[in-house]
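Numbering that gives the first Met the number 0 puts the first residue of the sequence shown at 0, with every later residue one more than the last.
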Amino acid sequence: MANNQDNTTTSDKKYNGWTNYETWACGLWIDNDQATYVYWREEATRHARQAAADEMVQRGVWTVQASARYNLAQQLKDELTEAAPDLGSSVYSDLLGAALDEVNWTELAENLLSDVEY
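Given below as structure tokens:
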């Protein structure tokens, strides 16, 4: 397999401790814009508080933490994907879609939930 300049294989996509560049970039923007950070921290807290009532938790399929993580990850994916600009039918639209497909939404949710009390 070919090596890129930083001497990692192309299948090794870790970036600054995150799954990949795309996840790191989303996490960076969430953490560095105060209004965005406050919003997502509030959403993380809300999901943690509501998780015990989740049907999957009640049935014993998921833990409270798994429910909060899954539901927050889905919300992150939905909201950030829907907020992407409409670039029409273009190479730029395809590239943006491909980048968003690479984001590890679960990892972002875990990061936001890391110090939330359940």
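In this text, a Cβ means the ideal position worked out from N, Cα and C, and glycines have one as well.
All of these numbers come straight from a predicted model, not from anything done at the bench.
Cβ-Cβ distance between residue i and residue j below 8 Å
| i | j | result |
| --- | --- | --- |
| ARG68 | LEU99 | no |
| ALA47 | ALA72 | no |
| TYR117 | GLN64 | yes |
| ALA43 | SER66 | no |
Bounding residues of the alpha helix (DSSP H) (the contiguous stretch that carries residue i)
| i | result |
| --- | --- |
| ARG48 | 33-49 |
| SER92 | 90-101 |
| ASP77 | 63-81 |
| ASN110 | 104-112 |
| VAL56 | 54-57 |
Close Cβ partners of residue i (< 6 Å) along its chain, the five nearest in sequence each way excluded
| i | result |
| --- | --- |
| THR22 | VAL102, ASN103, GLU106 |
| ASP5 | With a pLDDT of 47 at ASP5, under the threshold of 50, the modelled position of that residue is not reliable, and the figure given next carries that caveat. Correct list: empty, nothing qualifies. |
| ASN35 | The residue asked about is misnamed: residue 35 is Thr in this sequence, not Asn. For THR35, where only same-chain residues beyond five positions count, the Cβ hits under 6 Å are ILE29. |
Same chain, Cβ closer than 7 Å to residue i, neighbours up to 5 away in sequence not counted
| i | result |
| --- | --- |
| TRP39 | ILE29, LEU111 |
| GLY26 | TRP17, LEU107, ASN110 |
| LEU75 | TRP104, LEU107, ALA108 |
Assigned secondary structure, residue i (DSSP; H/G/I helix, E/B strand, else coil)
| i | result |
| --- | --- |
| THR9 | Interpretation of THR9 is limited by its pLDDT of 47, a score under 50 that renders its predicted location unreliable; the figure taken from the coordinates is listed afterwards. Coil, per DSSP. |
| TYR20 | helix |
| VAL115 | coil |
| TYR14 | strand |
| GLY87 | coil |
Residue-chain proximity (residue i, chain B), Cβ-Cβ < 8 Å
| i | result |
| --- | --- |
| ARG45 | Chain labels in this structure do not include chain B; a single protein chain is all it has. |
Of the listed residues the options, nearest to residue i (C-alpha basis)
| i | options | result |
| --- | --- | --- |
| GLU81 | SER88, ASN15, ASN70, LEU95 | LEU95 |
| ASN70 | ALA83, GLY87, ARG45, ALA24 | ARG45 |
Residues of its chain near residue i, where Cβ-Cβ distance is below 8 Å and the 5 sequence neighbours each way are ignored
| i | result |
| --- | --- |
| THR62 | VAL56 |
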